[in-house]
Structures are given as structure tokens and as C-alpha cells.
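Each remark here refers to the structure printed beneath this line.
Protein chains: 2
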Amino acid sequence: MSWTVGELARLAGVTVRTLHHYDRIGLVRPSERTSAGYRSYDARDLDRLQQVLLYRELGFPLEEVATLLDDPDADPAAHLRRQHRLLRDRLERTSAMVAAVEKEMEARQMGISLTPEERFEVFGDWLPEEYAGEAEERWGDTEAWAQSQRRTAAMSKEDWLRVKAESDDVERRFAAALAGGVPADSVAAMDLAEEHRQQISRHFYDCSPEVHGGLGRMYVEDERFTAYYERIAPGLAQYVSSAVQANAARQG
Amino acid sequence: MSWTVGELARLAGVTVRTLHHYDRIGLVRPSERTSAGYRSYDARDLDRLQQVLLYRELGFPLEEVATLLDDPDADPAAHLRRQHRLLRDRLERTSAMVAAVEKEMEARQMGISLTPEERFEVFGDWLPEEYAGEAEERWGDTEAWAQSQRRTAAMSKEDWLRVKAESDDVERRFAAALAGGVPADSVAAMDLAEEHRQQISRHFYDCSPEVHGGLGRMYVEDERFTAYYERIAPGLAQYVSSAVQANAARQG
DNA sequence: CTTGACCCTGACGTGGCGTCAGGCTGTTGC
DNA sequence: GCAACAGCCTGACGCCACGTCAGGGTCAAG
């Protein structure tokens, strides 16, 4: 069985131009051409297109989709698992937004007005879906990642909110220490770092001091993590990083 | 209270460049400039930005967002109702995709392969969210929708007072039931809760039992809503919350 | 009075296609 | 046996919603 561009386009709900584009950039290439130069897609091409569309829907840039799909170590089942998790993330986020809108409606009805922070809450601290994707890419074959996956999968919404509240708390105290001029290698800062490490261990995976030190380095080396902390307070990424590494040295 | 671009950007989780862009195209303009030319956003500007971000998240092109928000016939409540519906559409679509991925996983596990039609089903008959906006315009032709739209959008002062009287009535009867020792999970209390739900559905938006249950939880979790009910009678927030949730459970 | 974070306005770049333009192919109907 | 028309091809340019410098002004802290 094979399909022409037009047929595949109708089937998949995209335009012919989109398929041309994907061919051009090498993302989804027809496995054959007719003698007249017509594109001819087979079942394996459909497979691939389906994967591409799902990742695209989840907000991945096409180039990243390509590297994901061309990774020889990632089998189809792994992609499905990842997509499943990402979709569930999106579900959660969307229901948070529904809840936010409902809250606004009720507030309006009662003549209450929400604080600005509350109103942007649902937009604010959202880490893009690609973040999760890359996190898996880096840690995908470690035992730590598997542990984290198992634990978070079993987490209810309330669990998750509780975990988030805890880490927000530590982050806020880090920010306060930074603002208060507490040195990153002071005992107080190291104690905060230790608390941070134990949180990770409790909720996600066994995080040894050395592993934790590695994380600390990443906070300043990986721009996405840096951005996350910098949005809480300027200089916080470096501060947390230093405190975490000082703590790791102390423990070692 | 006013905000600079940077502050607003952090608050809303967007970049400064985005705010510049929105200013340039006239989508969200700071209501003032300092003598030095700095943008200065006030609370009304935040309102607008929040609406813009929600519509953007839902996939509307910015130009369309502008015409939506600048429509003098559409009040804030109408926007919230529309956003609520669009978000619920997205929820539905996302869970359909989750189901599709789960189906694929299971099929793979059992060595079955799905038909191409099956596999693109979830993409295929999906028309982007902006289409839902158009769907509303279509539905706008039916009497029921148009009536409910007009009723709330163009609610006169008397209408509003009548609606308010209705909800005051239910609230008073809740207070009386509480004072009379009627249990929150009794049939009488649940009937009151049901009346409350139907009021919301009639006057504001489609409020399913589950949505209503969510509201109920908020009455005790959000201090401002709690304060609203507590001012009518001490213990009323918890009482209404319990009754609403008992009713939701009864309906489910 | 300097430093460093923050602000300004251009101006160009980019991703993911949409939209012609100009021309070849393949099937159906007469 | 050929006309007509739907469908395919390859450029090439356009567009949206910003990202990313460049070059320069502003402001609060020390």
C-alpha cells in the first residue's frame, strides 16, 4: 500500500505544502518516487509522520523532532511512553487553566478581584514541554531517571502540588539568603542546599552529594536551568550552584 | 500600582521583547510613559495582557485577539465564558490524544497494528482551536446560544439585581439550614446545592456537577471566598462546600 | 560619580509553513 | 486520440510572532 502527497495530506490532516516542507528538510521523506517524480509514501513513512505530528503538537521544534526520531537508541515504544507523559502534563496544565478561569468567573461574580500574581500564576512558572524531553534525553539511561519516572507517575495532583510547594519554599529561602547577603559557602546556605538534596531524594531519585554537585554545576552551565532560577531572583542560579557544590564538598 | 516592562514580563512569564512587540502592534499598550520614555503598565493593562495570553495560548493569531478584545459588545464575562469553553475543548482533545497513544501502546504490546485511518483519527478530524471560535459564530445563529449570549452580555441592571436576589435567596436558605442543624450531606442540603449549580448554569456558564464540586472545594481553600460566606454566617463556607460536593457525588 | 542593572529604538534573522507562478502528468469522457 | 481537469512538481517570495544584536540613554546603590 502506498499514498500520494495529496492522499497522505488528507489522511493526516495537514496540507500538501507541509509534506513538501518535511521532505525538503529531511524530516519525513517519501521512501520512493515514481518515474515522473511523484512522491510515494509507504506504511513506514506514515509511522514516522504520525510521530512527527504528535511531537509537533506538543510544541517541539522540527529540528529537535528530527534528532529525537533519528536517535537509534530510542525504540518506538520509548517514544510512545514519552509522548504519553507529555500529553498527561498538558492535560494537567490545561485543567489548571480551566480552574483558573473558573476562579476568575466566580471572583467576578462575587465582586472579588484576584492579585496579579494569582492571575498570572498559570502562565508564570510553566517549564516548556521540551524541557521534559531534553531531561529525559540526558538522563534517559540512568537508574535515577527510571526511579524518578516511577515515582512521579504514581503521584496524584495533590502530591505534586505538595512537592511543588516544598521546593518553592526552599527556593524562596535561597532567594532570601541571597538578598540578605548570606555567603553561598556559609553553613546556613549549605544547610539549605542539603535540604534541597534531600527533597530530591525523597520525591524523585536517590541524589547523592556528588550527583547533587553535578546538578549544581548544571544550574549555571545549562541556560534553561539558569533561566529558571534567574526568573526567581537575579543571581540565584549562581548562588544555588555555589551553595550546592559547597555542600557536596562538605559532605565528601 | 504600576509596573515596568521587566516587572510585568517576569510576572506574566513572557519576555520584554514580547511586550515591546505587543506595544508596537497596539495589542497591549502601556497606559503611560515616564518622562524618560519608560513604559508604565497599570492594573487595566494587566487585565488586558492576561486575556491576550489566554487567547494566544489557545492558538488565536494576535490580530484576531485584538478584534476580539476591542469588540465593544463583548464584556469581560463573555471572554471568560468563551475561554472556558475553548479550554474544555482542548481538554477533550488532549484526552483523546492520550487515549490514542494508549491504544497504540496496547496494540503494539499485543502485536496488532492499527489502520492508517485509526492512527490519524485524532489528528484528522481536528480543526485548530481558532476554528472553535468560528464554530461559535455558527452556533451563534441558533436561538438558544444567541439568547444566552445576549442575556448575560447585555444584562440590564434589573436583570442583574434579579439574579443577585436569586443567589442571595439560596445563600440565606443555606444559612438557615446550617442554623437549623440540617446535615450538609442530607437530601435537603444537596437539593439546595443543586439549585445553586443550576443558577450558575442558567445565568453564567455551563456548570457540570464536577465543575461545581471544584468550586465547592475552592470555597474552603481560598480565603477570600471563605470570607464571603463567613460574613453571611460563621461556618457557612464549610457547610456550602460540603453540600456542593455531596451533591456532586450524588450526581456522579 | 561610577558601576551595573534596566530601559529605549531600530534593524535584521528565524521557524514553519502559506501562497502564487509556471509547468508536467494521469485519468476520464467524448 | 485528444481535450479537459484534477493533481503533481519545483522554485521563490511572503508572513507571523517574536529572538537577537547594536548603539545608546536612565536610575539607584555604594
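If you read the protein sequences in the order shown, they are chains A and B.
Residue 252 is where the first sequence ends in the numbering used here, and the numbering goes up by one at each step.
Residue 504 is where the second sequence ends in the numbering used here, and the numbering goes up by one at each step.
Cβ atoms here follow ideal geometry from the backbone N, Cα and C, with glycine treated the same way.
Exercise. Which residues bound the alpha helix (DSSP H) around K321 of chain B?
Worked result: This sequence places Leu at residue 321 of chain B; Lys is not what is there. Run containing L321 of chain B: 314-322, per the alpha helix (DSSP H) assignment.
For this session: Report the three-state DSSP secondary structure of S40 of chain A (helix, strand or coil).
Result: strand
Exercise. Thinking C-alpha only, which one of A:S241, A:E166, A:D168 is nearest M190 of chain A?
Worked result: A:S241
For this session: Please say whether S254 of chain B and S292 of chain B have beta carbons closer to each other than 8 Å?
Result: yes
Exercise. Counting pairs of beta carbons, one from the segment 50-57 of chain A and one from the segment 306-321 of chain B, are three or more of them closer than 8 Å?
Worked result: no
Exercise. Exposed or buried, E368 of chain B, counting other C-beta atoms within 10 Å across all chains shown (16 or more means buried)?
Worked result: The identity of residue 368 of chain B in the sequence shown is Pro, whereas the question assumes Glu. Answer is buried; the Cβ neighbour count reaches 16.
For this session: Reducing DSSP to helix, strand and coil, say where R29 of chain A ends up.
Result: coil
Exercise. Considering only the beta carbon of each residue, do V353 of chain B and L91 of chain A sit closer than 8 Å?
Worked result: no
Exercise. When we look at the beta-carbon of Q245 of chain A and count the other beta-carbons within 10 Å, is it buried (16 or more) or exposed?
Worked result: buried
Exercise. Quick one: is L301 of chain B buried, meaning 16 or more other Cβ sit within 10 Å of its Cβ, or exposed?
Worked result: buried
Exercise. Listing by chain order, which chain A residues have their CB less than 8 Å from the CB of E446 of chain B?
Worked result: Ordered by position in chain A, no residue passes the 8 Å Cβ test against E446 of chain B, which lies about 18 Å from the chain.
For this session: Say whether chain A places a C-beta atom closer than 8 Å to the C-beta of Q303 of chain B.
Result: no
Exercise. Is it right to say Q335 of chain B is buried, meaning 16 or more other beta carbons lie within 10 angstroms of its own, or is it exposed?
Worked result: buried
Exercise. Does any residue of chain B bring its CB to less than 8 Å from the CB of E117 of chain A?
Worked result: yes
For this session: Report yes if the CB atom of V422 of chain B is closer than 8 Å to the CB atom of L444 of chain B, and no otherwise.
Result: yes
Exercise. CB-CB under 6 Å to L114 of chain A, same chain, minus the five flanking residues each way: which ones, in chain order?
Worked result: A107
Problem set entry | Contact list for the segment 324-355 of chain B against chain A, Cβ threshold 8 Å | P328, A329, L332, R333, Q335, H336, L339, R340, R342, L343, T346, S347, M349, V350, V353, E354
Exercise. How big is the Cα-Cα spacing for D73 of chain A and R81 of chain A?
Worked result: 14 Å
For this session: State the DSSP-derived secondary structure class of G140 of chain A, mapped to helix, strand or coil.
Result: Any reading at G140 of chain A needs caution, since the residue's pLDDT is 41, under 50, leaving its predicted position unreliable; the model's value is listed next. In the structure shown, G140 of chain A sits in coil (DSSP, three-state: anything other than H, G, I, E or B).
Exercise. Alpha carbon to alpha carbon, how far is G468 of chain B from Y38 of chain A?
Worked result: 60 Å
Problem set entry | Neighbour list for L46 of chain A in chain B, Cβ cutoff strictly below 9 Å | P368, R371, F372
Problem set entry | Nearest-angstrom beta carbon gap, Q251 of chain A and P209 of chain A [assumed within contact, 8 Å] | 4 Å
Problem set entry | Cβ-based contacts, 7 Å cut-off: residues of the segment 5-16 of chain A near chain B | L11, A12, G13
Problem set entry | Same chain only: Cβ atoms within 6 Å of A348 of chain B, ignoring 5 sequence neighbours per side | V374
Exercise. How many Å lie between R425 of chain B and E118 of chain A at the Cα?
Worked result: 32 Å
Problem set entry | C-beta contact flag for R231 of chain A and R262 of chain B at 8 Å | yes
Exercise. Beta-carbon of R360 of chain B versus every beta-carbon of chain A: anything under 8 Å?
Worked result: yes
Problem set entry | 6 Å Cβ shell around V65 of chain A - same chain, five flanking residues per side excluded | V52, Y55
Exercise. Could you give the residue range of the alpha helix (DSSP H) that holds I452 of chain B?
Worked result: 439-455
Exercise. Exposed or buried, A261 of chain A, counting other C-beta atoms within 10 Å across all chains shown (16 or more means buried)?
Worked result: As displayed, chain A neither begins before 1 nor continues past 252, which places residue 261 of chain A out of reach and without an answer.
Exercise. Between G6 of chain A and V16 of chain A, which are expected to be in contact by the criterion C-beta below 8 Å, what is the C-beta distance as a whole number of angstroms?
Worked result: 6 Å
Exercise. What are the boundary residues of the alpha helix (DSSP H) that G466 of chain B is part of?
Worked result: 461-473
For this session: Could you tell me whether the Cβ atoms of V472 of chain B and A489 of chain B are closer together than 8 Å?
Result: yes
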